[in-house]
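Chemist: One structure, as structure tokens, below. Some questions next.
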Amino acid sequence: MATTGTRGGPVGHAQVCEDLVARMPGSSPRYVGAVAVCGAIVAWALFAWGYQIANGFGSTGLRRPVYWGLYIVNFVFWIGISHAGTLISAILRLTGAEWRRPVTRAAEAITVFCLMIGGLFPIIHISRPWIFYWILPYANERMLWPNFRSPLFWDLTAILTYLTGSVVYLYLPLIPDFAEMAERCTGARRRAYRWLSLGWRGSDRQWQALERAMKLMAIVILAIAVSVHSVVAYDFSMSLTPTWHNTIFPPYFVVGAIFSGIAALVVVMATLRRLMGLQEYLREVHFVNLGKLLLLMSLIWGYFTFSEHLTTWYGNLPMEMDVFQAREHGVYGALFWVMVTCNLAIPLLLLGVSKLRRISTTVVCGIAVLIGMWLERFLIVIPALSTPHLPSIWGGYAPSWIELSITAGTFAAMALLYLVFVKAVPIIAMWEYEGEATPR
Amino acid sequence: MPEGSTEAGTGTQRRTPQWGMAIDLDRCTGCEACVVACASENNVPTAGEDQAAKGRTKHWIRIDRYYEGDFPNIRVRHRPVLCQQCDEAPCEPVCPVNATYQNAEGLNVQIYNRCIGTRYCAINCPYTVRFFNWYPPEWAEPLGLQLNPDVSVRPAGVVEKCTFCVQRIKRAKLNATAEGREVGDGEIQPACVQSCPAEAMVFGDLSDPSSRVARLANSRRAQRLLEELGTKPRVFYLERAD
Amino acid sequence: MDRRNFFRVVGTASGGAITGACGRKSEEIIPLLVPEEGITPGVESWHPAVCGECAAGCGILARVMASEREIEVDGERVRQRIATVKKLEGNPNDPTSGGRLCARGHAGLQALYGPDRLRGPMRRAGPRGAGRFEAVSWESAMQEAAEALDSAVAEDAGRVVFLSRPRADLRAANIAKFLSALGAPPACAVGVRDFAAEVQGAERAYGWRGIPAYAIRDATLVLSIGADFLSGWVSPVLYTRQFGHMRRGRPGVRGRLIHAESRFSLTAWNADRWLPVWPGGELALALGLGRALVDLGAGASPTRAVEAARAAFAEVDLDEASAACGMSAGTIREVATELAAASAPVVVAGASIVREHSADAVAAASALNVLLGRVGVAGGVMPPPTVLADLVEARPSSNRWRERLANANLVIIDGANPAYSSPSCREALANAGTVISLSSFVDDTSAYADVVLPDHDPLEREAVALPSASLVESVACSARFVAALHDSRPADSVLADLAASAGKPFEPLDAQGALTRLHATLGAGNGAGSSEGFVESALEQGCWQGRPASGGTTGVIGLGAFEVADSMVPAVFQAYESLQFGTGGGANRPWLQELPDPTSSAMWGLPLEIDPVTASELAIENGDIVRARSDHGSLEAPAYVNPAAIPGVISMAMGQGHSQYGRYASGRGANPMSLLGDMRDRRTGATAMGPVRVHLERLDKGKGLIQFSRQDRDVPPHRV
Ligand SMILES: Nc1nc2c(c(=O)[nH]1)N[C@H]1C(S)=C(S)[C@@H](COP(=O)(O)OP(=O)(O)OC[C@H]3O[C@@H](n4cnc5c(=O)[nH]c(N)nc54)[C@H](O)[C@@H]3O)O[C@H]1N2
Ligand code: SF4
Ligand code: SF4
Ligand code: SF4
Ligand code: SF4
Ligand code: SF4
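Here's what the structure looks like:
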């Protein structure tokens, strides 16, 4: 099923390499333009961050009691999306789902970039970022260790582990392709690719070692991924904030993460397919299969959401009901119903009917779910914080231009990282196309 | 109730006191003298109109007031709320850098220099008595002359809260040590307690069963705020009679 | 093991695993970066002073420590080490404060260090009222003032008007000396918070001169009619202290409080029962209660006074009284029965919100104490102190100040702000011959001054003051203990200099002199020792305290006839003295601006308090901007829908709406007095604060209200 010449696409390893390398973006005005636009947005976001550091946190929209705002929302959102790579790549690799091959690298890259972006948010979020490293358990003469009891410390540990693992996991399958790229380039690029390929010659021993390593990493990364989003959930569920203090959060967060991860993958794939002309590689079957997964996750997410809200409502604890009321009826009510529409109604409608399941509908669902899941994170963080235990200090929250700019900047940063990435490496693993008969 | 240890300490202070407070809601009138007293003692800056509109004032102690019922059968329930100095303080374990911890005398203390500003403690305090410094504090000249040199002025980006007027505790202990005696019951008066015209607040050593605060804390009227959360606050409220 | 302990163990264990050996507890590791408790306290000293924030005259202590400030000397910035006041506390020796302080008392510090305090004398540089001034030297300012004084006195000393505060203190004595040296009439208070109704009521009911004190600490039942004694009335600290004791200070006895007032004030919050009387209905309520008590047979052992009271009340028709105050006859009888049955009842008679009939209302309420036999007994009403009678004599009263101001050739203002509390007097201020202000700030009134000769702050000058109410004979006093921060001069010596340059010198009284005189009047055999020792000890203690005020017998009664005045006019407005700002003076202290208003939780502004019925008729919600119009004026302010307001009664606290009062107060909010025109108590002439009929109109939906707490209720509507 890999490269079917019958459909007019390239056949065999050599042609695939030829074809994919040819499709890597050059320095067309369109490419440069895209880089410039994304770069400008990122630069603006960096300016906003600098402004925040220079002028103090007063420049944000945060207040008592909503001490956490969009940065935490974005943190959970981006770390959630990072689960795209894990799921597609590791689960499918371990279960031997062959259709996965053209999508793994795109997915793994999402993981790494999302972690880089998501991992920045805790630093953006703290008001004295220049000493953020005080959370790290590094030795110093004061013998001041971080607080091992703090979920934030667990978070940091988990994310750093996940980032390290994901980089390795992205890198391993890149090694043969780096060697391949080195063959096709000259000068400095050739030297760089050669250096990056770590002396890959493609010997049997090397292949065996690589495959063993990839399999091991797949298992490891899967465990880390589940734990990472559980730990992110612990940030909330370890607290006493009404509705956060909740056993459902870790699995709920993991499910939401995978859900949004698939959605992100669909959107990224559709974009690459369109912009890089990868119609021959990323075909309807991939979208339809991912669409089915998306549908499944939508149902699971719906089930978790329903359970969470039902138990809150039925339990009728006054302090939880305050949050419930704020979320379902008050100011946040509209957002809540947009979220339900995006995450449940649209996927059920478009993907639940097999006739409607197409590339276009899957992409629409992907976009809807990304919006819906961002709103879900927002609705978890903000309403609960604005209605704490004692009503005397309730208060609302509206983000300032700083937080909005930084949020926009992270989406631009994601695009920018991807633009650079697809220029440097083939976005589809070339070595996976060793020939129809020998899928690796 | 926290037990005081009697291990040998420094100077003549042989027991480790366990500080606590009792507030008689039948006495408290809601006059807010304590609120200004605290701001004055502890260099708590005013936020100004714009910041106040954004919900960024700092009141280490505040009067929560709620109306109950409707005219004419209406009444007000009010309660001074300050840091409850919880024995099981939810603000403590979440701080990644140990900037807030419980000291041997039961105070939930904050080390401003350590704080990196995650505000995790602030959201995890169920009483919402932790305050964040949104901007560097400012005092229009010469208002700065009112500042108490015994208390740090907190920089932007750190969290602060009621300290039980730890500087007054320290002063009383130093005075007692210099005079070769122990700190007497009622000798330490946090600024809010000192000011309260209704004498609604009593501060002292909970581990000394003969202290006024311990006796009040054991009274049948004593309750603690959000006690059901298991935070074990050290502030005891003697509920109003009616 | 509970959850958090679990993590504590896990935390320590894993920490220990990584550090390897170190078994120290985390709290011993952490304080390497100094926590607050590691700070060494500085060197402090405490000096007695007298609080200048209200007429109560609390004795306080000022904490003095060294500070540094930058000043300009010959155009060069230099650092100067000075002794500065860091904190204020009550003086434990003082029988009024008893070592305690109110919110406003604390904020006296921010008057001392107010950034808008005048640095030196000023001369007007714009039209009157505009508030534009230029700095001048003391020499030229004094010369200008002296010339104005000279020509005014030469023209007609009877038209010299001195507007001041209603306090019995050193300043009042010196003002009196100054005016009598000039041959000018006595000083006036401008009619807010001079307790004229209380003074007249005490005189008519008990034959006493001055403001009586209520020993509520020893009462078992307190009925307060119109006296919001826990917030702004005569002596908030004294009464709050007594209240605490009444409630929980006596083993096995919890005093009961019933409070009758037209708003749900702080005293109503704390009452066991609130009687929501219609504004102006206090007189009818007191008369109704008297009648019901007479019916119950109160006043069984008749004296002349009791007979007079019985006679006055016997005329009253209970149903008529009930209809006029909005309390049912049943309620009135119930309260009367409680009063009659209580072992130690006392009726606190006051006019926190002065009305047209306040003097009558206070007299009638006071007569209830006569009927109950609670005059001059433990837990009852106590006579005013009698020491330093000349200070009491000198206490300015509001006698015809408006008429005199309208005809003034020279106006001198010290401690009064009539342009704020009676905005309709602005025209008279604008037209007066010369206006001299002794204020430390450019406020609404000193904006009209031709010359401002800034006084020292109360913390920078010596003081002797009689408390406005005290259960014992007492005086609060202080010597100077810090140098003046700015180029100000104590008004007492400024007045002496002005009088001298007009050729009418007088010898100003100082603390030493006043205390020496006090010692002399106490006479021999009072155990006070030598005069020097007496003065020294008083100044060291910050107060002198004598015997409990006595006066068990009731003097001549002059109650006169009462008439039930029907007050039930719909949609009325009343102003009231706020907890934070008093009658407005506190508005330039940022601590007080940021202190949530007890009723509305408003900060940096004060709302129109509208009852829920009126609000829903006009679709007004919290924060909407509302225009209120009366026959006398109009104002715009954010609305607060007060759940406890009497339907049809709109209230607003005084404090905001200053045209001039520095950066924190100028142009902020609205002045409720602008709706009232020239309303007065008919008998005393004191400025009335309502009721007037108002018309409300919603202008904008909006966020006009900054609230500390936007949630009024512990149980939000959806939980009910
Ligand atoms: N014999 C001898 N004498 C010397 C010197 C010497 O070499 N030999 N060196 C001299 C020199 S260079 C110096 S700098 C001085 C140092 O002498 P000091 O100024 O006395 O400094 P420390 O001994 O460090 O004590 C400072 C105190 O301040 C407290 N503290 C810490 N932070 C704060 C804060 O934020 N606020 C307040 N209020 N207190 C705080 C600490 O707990 C500590 O108790 O000694 C001088 N004296
Ligand atoms: S000072 Fe005392 S009476 Fe006043 S609000 Fe505070 S605790 Fe209550
Ligand atoms: S009241 Fe809040 S800040 Fe104080 S110890 Fe308890 S949890 Fe911490
Ligand atoms: S804000 Fe400061 S004290 Fe609070 S948890 Fe974060 S680092 Fe710790
Ligand atoms: S104990 Fe001290 S720090 Fe705490 S509220 Fe009272 S005055 Fe403020
Ligand atoms: S009651 Fe008046 S005199 Fe006493 S402290 Fe308060 S403001 Fe000062």
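Residue numbers (the working numbering), protein chains in the order written: chain A, 1 to 440; chain B, 1001 to 1242; chain C, 2001 to 2720.
Virtual Cβ for every residue (Gly too), placed ideally from N, Cα, C.
Under the three-state reduction of DSSP, which class applies to alanine 2602/C: helix, strand or coil?
Modeler: One-based indexing of the third sequence puts residue 2602/C at position 602. It is a strand residue.
Chemist: Among the candidates Ser2231/C, Asn2091/C, Phe2506/C, Gly2669/C, whose CA atom is the shortest distance from the CA of alanine 2587/C?
Modeler: The residue labelled residue 2587/C in the question sits at position 587 within the third sequence. Comparing Cα-Cα distances from alanine 2587/C to each of Ser2231/C, Asn2091/C, Phe2506/C, Gly2669/C, the minimum goes to Gly2669/C.
Chemist: What does the alpha-carbon distance come out to for the pair valine 21/A and tryptophan 134/A?
Modeler: Sequence index remark: in the first sequence, residue 21/A carries index 21 (1-based). Sequence index remark: in the first sequence, residue 134/A carries index 134 (1-based). If I take the Cα positions, the gap works out to 44 angstroms.
Chemist: Would you say aspartate 1064/B lies against chain A (beta-carbon separation less than 7 angstroms)?
Modeler: By one-based count along the second sequence, residue 1064/B stands at place 64. Output row for aspartate 1064/B: interface = yes.
Chemist: Would tryptophan 134/A pass as an interface residue toward chain C - the criterion being a Cβ-Cβ separation below 7 angstroms?
Modeler: Mapped onto the first sequence, residue 134/A falls at position 134. Closer than 7 angstroms: no.
Chemist: Measure from the C-beta of proline 391/A to each C-beta in chain C and report whether the shortest distance is under 7 angstroms.
Modeler: One-based indexing of the first sequence puts residue 391/A at position 391. Yes, proline 391/A counts as interfacial toward chain C.
Chemist: Do you know how far the Cα of leucine 2410/C is from the Cα of alanine 2125/C?
Modeler: In the third sequence, the residue the question calls residue 2125/C occupies position 125. In the third sequence, the residue the question calls residue 2410/C occupies position 410. Rounded to whole angstroms, alanine 2125/C to leucine 2410/C spans 19 angstroms at the Cα level.
Chemist: Just the C-alpha distance for serine 150/A and cysteine 1095/B, rounded to the nearest angstrom, thanks.
Modeler: Here residue 150/A corresponds to residue number 150 of the first sequence, with the count starting at 1. Here residue 1095/B corresponds to residue number 95 of the second sequence, with the count starting at 1. Going by the C-alpha atoms only, they are around 6 angstroms apart.
Chemist: Assuming threonine 1029/B and leucine 2266/C form a contact by the criterion Cβ under 8 angstroms, report the distance between their Cβ atoms to the nearest whole angstrom.
Modeler: What you label residue 1029/B is simply residue 29 of the second sequence in a count that begins at 1. What you label residue 2266/C is simply residue 266 of the third sequence in a count that begins at 1. Right, their Cβ atoms sit about 6 angstroms apart.
Chemist: Between the alpha carbons of tryptophan 99/A and asparagine 343/A, how many angstroms are there, rounded?
Modeler: Looking up residue 99/A in the first sequence gives position 99. Looking up residue 343/A in the first sequence gives position 343. Approximately 25 angstroms, taken between the alpha carbons.
Chemist: Strictly below 9 angstroms CB to CB, what residues from chain C border tryptophan 394/A?
Modeler: On the first sequence, position 394 is the one that residue 394/A refers to. Near tryptophan 394/A (Cβ distances below 9 angstroms), the residues of chain C are Ser2709, Arg2710, Gln2711, Pro2716.
Chemist: Let me know the secondary structure DSSP gives threonine 438/A once reduced to three states.
Modeler: Translated into the one-based positions of the first sequence, residue 438/A becomes position 438. Interpretation of threonine 438/A is limited by its pLDDT of 36, a score under 50 that renders its predicted location unreliable; the figure taken from the coordinates is listed afterwards. If DSSP states are grouped into helix, strand and coil, threonine 438/A belongs with coil.
Chemist: Roughly how far, in whole angstroms, is the beta-carbon of glutamine 1125/B from the beta-carbon of proline 1090/B, given that I think they are within contact range, below 8 angstroms?
Modeler: As a first step, residue 1125/B is located in the second sequence; it is residue number 125 there, counting from the start. As a first step, residue 1090/B is located in the second sequence; it is residue number 90 there, counting from the start. It is cysteine, not glutamine, that sits at residue 1125/B in the sequence shown. Indeed, because the Cβ distance is near 6 angstroms, the residues count as touching under 8 angstroms.
Chemist: Can you check which of these residues, Ala2187/C, Gly2075/C, Leu2595/C, Phe2243/C, is closest to glycine 2415/C by C-alpha distance?
Modeler: Taking the third sequence and counting its residues from 1, the one referred to as residue 2415/C is at position 415. Looking at the Cα atoms, Ala2187/C is the closest of the given residues.
Chemist: Give every residue of the same chain whose Cβ lies closer than 6 angstroms to the Cβ of arginine 2333/C, excluding the five residues on either side of it in the sequence, and list them in chain order.
Modeler: Counting from one through the third sequence, the residue named residue 2333/C turns up at place 333. Within the same chain, arginine 2333/C has close Cβ partners Ala2292.
Chemist: Which residues in chain C sit within 8 angstroms of tyrosine 1067/B, going by Cβ to Cβ distance?
Modeler: Translated into positions along the second sequence, residue 1067/B becomes position 67. Those are Pro2643, Ala2644, Asp2712, Arg2713, listed as they occur along chain C.
Chemist: Check the C-beta distance from isoleucine 1123/B over to serine 239/A and give it rounded, since I have them as a contact under 8 angstroms.
Modeler: In the second sequence, counting from the first residue as 1, residue 1123/B sits at position 123. In the first sequence, counting from the first residue as 1, residue 239/A sits at position 239. About 7 angstroms separates the two Cβ atoms, so the contact holds.
Chemist: Please report how far the alpha carbon of tyrosine 2206/C lies from the alpha carbon of arginine 1181/B, in whole angstroms.
Modeler: Within the third sequence, residue 2206/C is the residue found at index 206, counting from 1. Within the second sequence, residue 1181/B is the residue found at index 181, counting from 1. Near 53 angstroms, if we compare the C-alpha coordinates of arginine 1181/B and tyrosine 2206/C.
Chemist: Skipping 5 residues on each side, what residues in its chain have a beta carbon closer than 6 angstroms to that of alanine 1241/B?
Modeler: Taking the first residue of the second sequence as 1, we reach residue 1241/B at position 241. Cβ neighbours of alanine 1241/B beyond the five flanking positions: Asp1026.
Chemist: Which residues in the same chain have their Cβ closer than 8 angstroms to the Cβ of alanine 2677/C, if we skip the five residues on either side of it in sequence?
Modeler: Locating residue 2677/C in the third sequence gives position 677, counting from the first residue. The displayed chain sequence assigns glycine, not alanine, to residue 2677/C. For glycine 2677/C, where only same-chain residues beyond five positions count, the Cβ hits under 8 angstroms are Ser2424, Ser2630, Asp2631, His2632, Gly2633, Val2692.
Chemist: Is any heavy atom of ligand 3 found at a distance shorter than 6 angstroms from the C-beta of alanine 1089/B?
Modeler: As a working mapping, residue 1089/B is identified with position 89 in the second sequence. Flag set: Cβ of alanine 1089/B near ligand 3.
Chemist: Could you check whether the Cβ of asparagine 2101/C sits closer than 6 angstroms to any heavy atom belonging to ligand 6?
Modeler: Residue mapping note: residue 2101/C aligns to position 101 of the third sequence, counting from 1. Sequence inspection shows leucine at residue 2101/C; the asparagine mentioned does not correspond to that position. The answer is yes for leucine 2101/C.
Chemist: Could you tell me which whole alpha helix (DSSP H) segments of length 4 or greater appear in the stretch 2163-2246 of chain C?
Modeler: Correct list: 2170-2182, 2196-2206.
Chemist: Suppose you measure from the CA of cysteine 1196/B to the CA of leucine 2592/C; what does that come to, to the nearest Å?
Modeler: For this step, residue 1196/B is matched to residue 196 along the second sequence. For this step, residue 2592/C is matched to residue 592 along the third sequence. Rounded to the nearest angstrom, the two C-alpha atoms are 17 angstroms apart.
Chemist: Secondary structure at arginine 2627/C, three-state DSSP: helix, strand or coil?
Modeler: Reading the third sequence from its first residue, position 627 is the one you call residue 2627/C. Strand, per DSSP.
Chemist: For phenylalanine 1236/B, which residues does DSSP report across the bridge?
Modeler: One-based indexing of the second sequence puts residue 1236/B at position 236. BP columns for phenylalanine 1236/B point to Ala1022/B.
Chemist: Return the chain-ordered ranges of every alpha helix (DSSP H) run that is complete within the stretch 1010-1090 of chain B and spans a minimum of 4 residues.
Modeler: For the stretch 1010-1090 of chain B, whole alpha helix (DSSP H) runs of length 4 or above, ordered along the chain, are 1033-1041, 1049-1053.
Chemist: Which residue or residues does DSSP assign as beta-bridge partners of isoleucine 2610/C?
Modeler: On the third sequence, position 610 is the one that residue 2610/C refers to. The partner list for isoleucine 2610/C (beta bridge, DSSP) reads Val2641/C.
Chemist: Looking at the strands, I want to know which residues DSSP matches up with threonine 2687/C.
Modeler: Here residue 2687/C refers to the residue found at position 687 when the third sequence is read from its first residue. Threonine 2687/C is bridged to Arg2680/C.
Chemist: Quick check: what's the CA-CA separation for methionine 2122/C versus arginine 2204/C?
Modeler: Sequence index remark: in the third sequence, residue 2122/C carries index 122 (1-based). Sequence index remark: in the third sequence, residue 2204/C carries index 204 (1-based). Whole-angstrom Cα-Cα distance: 46 angstroms.
Chemist: So is the beta-carbon of threonine 164/A under 6 angstroms away from any non-hydrogen atom of ligand 2?
Modeler: Position 164 of the first sequence, counting from 1, holds the residue named residue 164/A. No, since every heavy atom of ligand 2 falls outside the 6 angstroms radius drawn around the Cβ of threonine 164/A.
Chemist: Quick check on proline 2383/C - is its C-beta less than 7 angstroms from some C-beta in chain B?
Modeler: The residue labelled residue 2383/C in the question sits at position 383 within the third sequence. Closer than 7 angstroms: no.
Chemist: Less than 7 angstroms between the beta carbons of alanine 1176/B and valine 1166/B, yes or no?
Modeler: Counted from its first residue, the second sequence places residue 1176/B at position 176. Counted from its first residue, the second sequence places residue 1166/B at position 166. For alanine 1176/B and valine 1166/B, no; Cβs fall outside 7 angstroms.
Chemist: Does any C-beta atom of chain C lie closer than 7 angstroms to the C-beta of threonine 1029/B?
Modeler: To locate residue 1029/B, count along the second sequence from 1; it is residue 29. Judged by the 7 angstroms Cβ criterion, threonine 1029/B is in contact with chain C.
Chemist: Apart from the five residues just before and just after phenylalanine 178/A, which ones in its own chain have a Cβ nearer than 6 angstroms to its Cβ?
Modeler: Taking the first residue of the first sequence as 1, we reach residue 178/A at position 178. The residues are Tyr193, Leu196, Ser197.
Chemist: I want to see whether chain B comes within less than 7 angstroms of glycine 2042/C, judged by CB atoms only; does it?
Modeler: Along the third sequence, read from residue 1 onward, the residue named residue 2042/C stands at position 42. Yes, because at least one Cβ of chain B sits closer than 7 angstroms to the Cβ of glycine 2042/C.
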